[in-house]
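Participant: Read top to bottom, the protein sequences are chains A and B.
Just so we're aligned, residue 1 is where the first sequence starts under the numbering used here, counting upward by one.
Just so we're aligned, residue 1001 is where the second sequence starts under the numbering used here, counting upward by one.
Note that beta-carbon positions come from the ideal geometry of N, C-alpha and C, so glycine has one too.
Protein chains: 2
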Amino acid sequence: MNEMMLGRINHIAIVVPDLDGAAAQWQARTGAEVSAPQSLPEHGVRVVFVVAENGKIELLEPLDDSSPIAAFLARNPDGGMHHICFDVDDLYASRDRLIDSGARILGSHEPKIGAHGKPVLFIHPKDMTGTLVELQQA
Amino acid sequence: MNEMMLGRINHIAIVVPDLDGAAAQWQARTGAEVSAPQSLPEHGVRVVFVVAENGKIELLEPLDDSSPIAAFLARNPDGGMHHICFDVDDLYASRDRLIDSGARILGSHEPKIGAHGKPVLFIHPKDMTGTLVELQQA
């Protein structure tokens, strides 16, 4: 087993009530490159990436009320930080290490294809200091 | 003015109710290097760093009830993501750009020395998509 499963910080996701406004705000305030919005119906979100030197900020807006992030936005109407995503070299080994350490994996224990086209899984925030952590196969 | 003020993601800060337990949890679950705890009385926090390949996770615990993070922990008793810190090449130019774009800077507009011994300032979360953003002189 790889002792060090934590690779790069891939992105930090922020849920926002108005994606176009949020993208314009980040662009104006930071001067960073901001990608064109993409709709990802299979994830229930519309997304824009703000590009920093060593990682990305992912701005997310729910596509509709059935979106997995709709409840978060209802609790945080101004928006807020939603999750951190780390790259890992071996997603299955990381998953097994987490389960062995007592952490719960959200949903089924099988990785799904995430917003970047790579396998991902999420750790239960109550088992990771109140923070939703996504792991993505590097 | 530097058009691109956003440099590296320096760290993501997570406030936790029990720093030693949180540090042990991150170490056990991710295998990452975790620093020894440091108390920073001038910031009212005790801190540990979890080292990822390209940045850090900063775990923060209030030193006492007068800590700037005590209210956050009262609202989020399990802990949660508190802020993102970016490096910037020119903190004063970044501050002026932010103010010109309509963003509020927390406290006085003069940078203070942050937890890493470098000048920092914070953008009001309501002016940055609900997210507390720290800028640190690189």
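Can you tell me whether DSSP reads proline 119 of chain A as helix, strand or coil?
Facilitator: Taking the first residue of the first sequence as position 1, residue 119 of chain A is located at position 119. Looking at proline 119 of chain A - three-state DSSP - the assignment turns out to be strand.
Participant: Let me confirm a value: alanine 1023 of chain B is counted as buried when at least 16 other C-beta atoms fall within 10 Å, else exposed. Which label applies?
Facilitator: As a first step, residue 1023 of chain B must be located in the second sequence, where it is residue number 23. Burial call: buried.
Participant: Residues of chain A with a CB under 8 Å from the CB of lysine 1126 of chain B: which are they?
Facilitator: As a working mapping, residue 1126 of chain B is identified with position 126 in the second sequence. Asp78, listed in chain order.
Participant: For serine 39 of chain A, which of helix, strand or coil comes out of DSSP?
Facilitator: Locating residue 39 of chain A in the first sequence gives position 39, where the first residue counts as 1. In the structure shown, serine 39 of chain A sits in a strand (DSSP, three-state: E or B).
Participant: 9 Å is my cut-off, CB to CB: does serine 101 of chain A come that close to chain C?
Facilitator: Here the protein chains are A and B, and chain C is not one of them.
Participant: Just confirm the distance between the C-beta atoms of leucine 1073 of chain B and proline 1017 of chain B, as a whole number of angstroms; I'd bet it's less than 8 Å.
Facilitator: Locating residue 1073 of chain B in the second sequence gives position 73, counting from the first residue. Locating residue 1017 of chain B in the second sequence gives position 17, counting from the first residue. Right, their Cβ atoms sit about 6 Å apart.
Participant: Establish whether the CB of leucine 1059 of chain B and some CB of chain A are separated by less than 9 Å.
Facilitator: Translated into the one-based positions of the second sequence, residue 1059 of chain B becomes position 59. For leucine 1059 of chain B, the answer is yes, since a Cβ of chain A falls inside 9 Å of its Cβ.
Participant: Might you give, ordered along the chain, the residues of its own chain that have their beta carbon closer than 8 Å to the beta carbon of histidine 83 of chain A, omitting 5 neighbours on each side?
Facilitator: Within the first sequence, residue 83 of chain A is the residue found at index 83, counting from 1. These residues qualify, in order along the chain: Ile12, Ala13, Phe122, Thr131, Leu132, Val133, Glu134.
Participant: Any idea what DSSP makes of leucine 106 of chain A, helix, strand or coil?
Facilitator: Along the first sequence, one-based indexing puts residue 106 of chain A at 106. The answer is coil: DSSP assigns leucine 106 of chain A none of H, G, I, E or B.
Participant: Which class does alanine 1032 of chain B belong to by DSSP, given the choice of helix, strand or coil?
Facilitator: Sequence index remark: in the second sequence, residue 1032 of chain B carries index 32 (1-based). Looking at alanine 1032 of chain B - three-state DSSP - the assignment turns out to be coil, as it is neither helix nor strand.
Participant: Using 10 angstroms around the beta-carbon of arginine 1075 of chain B, count the other beta-carbons present and answer buried if the total reaches 16, otherwise exposed.
Facilitator: Numbered from its first residue, the second sequence carries residue 1075 of chain B at position 75. Under this definition arginine 1075 of chain B is an exposed residue.
Participant: Answer yes or no: does any C-beta atom of chain B fall closer than 9 Å to that of phenylalanine 86 of chain A?
Facilitator: Translated into positions along the first sequence, residue 86 of chain A becomes position 86. At least one chain B Cβ lies under 9 Å of phenylalanine 86 of chain A.
Participant: Strictly under 9 Å for the Cβ-Cβ distance: is glutamate 53 of chain A near chain B by that measure?
Facilitator: Locating residue 53 of chain A in the first sequence gives position 53, counting from the first residue. At least one chain B Cβ lies under 9 Å of glutamate 53 of chain A.
Participant: Please tell me whether aspartate 1127 of chain B and glycine 1107 of chain B are closer than 9 Å, where the distance is taken between their beta carbons.
Facilitator: Locating residue 1127 of chain B in the second sequence gives position 127, counting from the first residue. Locating residue 1107 of chain B in the second sequence gives position 107, counting from the first residue. It is not a contact, given that the beta carbons lie outside the stated cut-off.
Participant: Could you work out which residues of chain B lie near leucine 40 of chain A, taking near to mean beta carbons separated by less than 8 Å?
Facilitator: For the purposes of this step, residue 40 of chain A is taken as residue 40 along the first sequence, with counting starting at 1. None at all; the shortest Cβ gap to chain B is about 19 Å.
Participant: Among the candidates A/Gly44, A/Cys85, A/Met81, A/Val88, whose CA atom is the shortest distance from the CA of aspartate 65 of chain A?
Facilitator: As a first step, residue 65 of chain A must be located in the first sequence, where it is residue number 65. It is A/Gly44 whose Cα lies nearest to the Cα of aspartate 65 of chain A.
Participant: Give the DSSP bridge partners of leucine 60 of chain A, in chain order.
Facilitator: Taking the first sequence and counting its residues from 1, the one referred to as residue 60 of chain A is at position 60. For leucine 60 of chain A, which the question treats as bridged, DSSP gives the partners A/Val15, A/Val47.
Participant: Starting from the beta carbon of leucine 1006 of chain B, find every residue of chain A whose beta carbon is closer than 7 Å, and list them in chain order.
Facilitator: Position 6 of the second sequence, counted from the start, is the residue given in the question as residue 1006 of chain B. Thr30, Gly31, Ala32, Ala52, listed in chain order.
Participant: Taking Cβ to Cβ, would you say leucine 91 of chain A is nearer than 9 Å to glutamine 137 of chain A?
Facilitator: For the purposes of this step, residue 91 of chain A is taken as residue 91 along the first sequence, with counting starting at 1. For the purposes of this step, residue 137 of chain A is taken as residue 137 along the first sequence, with counting starting at 1. Yes; because the gap between Cβ atoms is below 9 Å, this pair is in contact.
Participant: For arginine 8 of chain A, I'd like the list of residues in its chain whose CB is within less than 8 Å of its CB, leaving aside the five on either flank, ordered along the chain.
Facilitator: Position 8 of the first sequence, counting from 1, holds the residue named residue 8 of chain A. Only Asn54, Gly55, Phe86, Asp87, Ala138 meet the Cβ criterion.
Participant: If you follow the beta strand (DSSP E) that isoleucine 1084 of chain B is in, where does it begin and where does it stop?
Facilitator: Residue numbering aside, residue 1084 of chain B sits at position 84 when the second sequence is read from its first letter. Start and end: 1080-1088.
Participant: Since valine 1016 of chain B meets chain A, which of its residues come closer than 8 Å, beta carbon to beta carbon?
Facilitator: Your numbering for residue 1016 of chain B matches position 16 in the second sequence. Per Cβ cutoff of 8 Å: Thr129, Gly130.
Participant: Can you grab the Cα-Cα spacing for the pair glutamate 1058 of chain B / glutamate 42 of chain A, in whole Å?
Facilitator: By 1-based counting over the second sequence, the position of residue 1058 of chain B is 58. By 1-based counting over the first sequence, the position of residue 42 of chain A is 42. Taking the straight line from one Cα to the other gives about 33 Å.
Participant: Mind pulling the chain B residues with CB within less than 7 Å of alanine 74 of chain A?
Facilitator: Residue mapping note: residue 74 of chain A aligns to position 74 of the first sequence, counting from 1. The contacting residues do not exist; alanine 74 of chain A stays about 13 Å from chain B at best.
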